[in-house]
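Some notes on the structure that comes next.
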Amino acid sequence: MTLRVENCIFFLLARANQAATRFWTACLTDMDITAVQAMILNFLGQEDAVTSRELSERSGLDPATLTALLDRLVTSGLVERRPHPNDRRAVCVCLTLKGRNRVPLIRMKLERANSDFLATLNDAEQVELRRLLLAVRKSPASSDVRVKKGEI
Numbered sequence: 031m032t033l034r035v036e037n038c039i040f041f042l043l044a045r046a047n048q049a050a051t052r053f054w055t056a057c058l059t060d061m062d063i064t065a066v067q068a069m070i071l072n073f074l075g076q077e078d079a080v081t082s083r084e085l086s087e088r089s090g091l092d093p094a095t096l097t098a099l100l101d102r103l104v105t106s107g108l109v110e111r112r113p114h115p116n117d118r119r120a121v122c123v124c125l126t127l128k129g130r131n132r133v134p135l136i137r138m139k140l141e142r143a144n145s146d147f148l149a150t151l152n153d154a155e156q157v158e159l160r161r162l163l164l165a166v167r168k169s170p171a172s173s174d175v176r177v178k179k180g181e182i
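Per my numbering, the sequence shown runs over residues 31 to 182.
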């Protein structure tokens, strides 16, 4: 039996991601930031003054994408780049006062959005969904290993 596209895990995950991104983006319209910018500001709210490399690893964004995103956040006055205190070659990304003041509202919106987005699932289903998504993310097949052309 041939796998139907609408039952393919990649299709299902992509559609779920699209729905989640649209929902989260709509929650942020009054803040004049994107969903990804909110994620970066939230990461910096948890641990400020990190290198771009650390932020890239934590966020899953490739360095070029992160650099462009940080440029926009710098222009918006939400973050700044400072010399690393121990490594002259590195730069730390830090929240500005304006950025630091935005983080509590982002967190509040994130908690509400998580609750609202998953409202059709009961508590046990929400726990199971998170467990399954983490398991898929940690599986060897979803690692950052590149598949060479013709291997699949």
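Even for Gly, the Cβ is constructed at its ideal location relative to N, Cα and C.
Looking at the unbroken beta strand (DSSP E) that takes in residue i, where does it start and where does it end?
i           : result
residue 123 : 121-125
Classify residue i as helix, strand or coil using the three-state DSSP reduction.
i           : result
residue 111 : strand
residue 38  : coil
residue 31  : coil
residue 49  : helix
residue 44  : helix
residue 143 : helix
residue 135 : helix
residue 150 : coil
residue 129 : helix
residue 62  : coil
Check whether the Cβ atoms of residue i and residue j lie closer than 8 angstroms to each other.
i           : j           : result
residue 99  : residue 123 : no
residue 71  : residue 96  : no
residue 57  : residue 149 : no
residue 121 : residue 137 : no
residue 151 : residue 159 : yes
residue 82  : residue 69  : no
residue 147 : residue 65  : no
residue 132 : residue 61  : yes
residue 125 : residue 92  : no
residue 103 : residue 67  : yes
Here's the rule I'm using: 16 or more other beta-carbon atoms within 10 Å means buried, otherwise exposed. How should residue i be labelled?
i           : result
residue 177 : Because the pLDDT of residue 177 is 46, which lies under 50, any placement of that residue in the model is unreliable, and the question is left without a value.
residue 39  : exposed
residue 118 : exposed
residue 35  : exposed
residue 45  : exposed
residue 74  : buried
According to DSSP, residue i sits in a beta bridge with which residue or residues?
i          : result
residue 81 : 122
Taking the continuous alpha helix (DSSP H) assigned at residue i, which residues delimit it?
i           : result
residue 93  : 93-105
residue 69  : 65-76
residue 154 : 153-168
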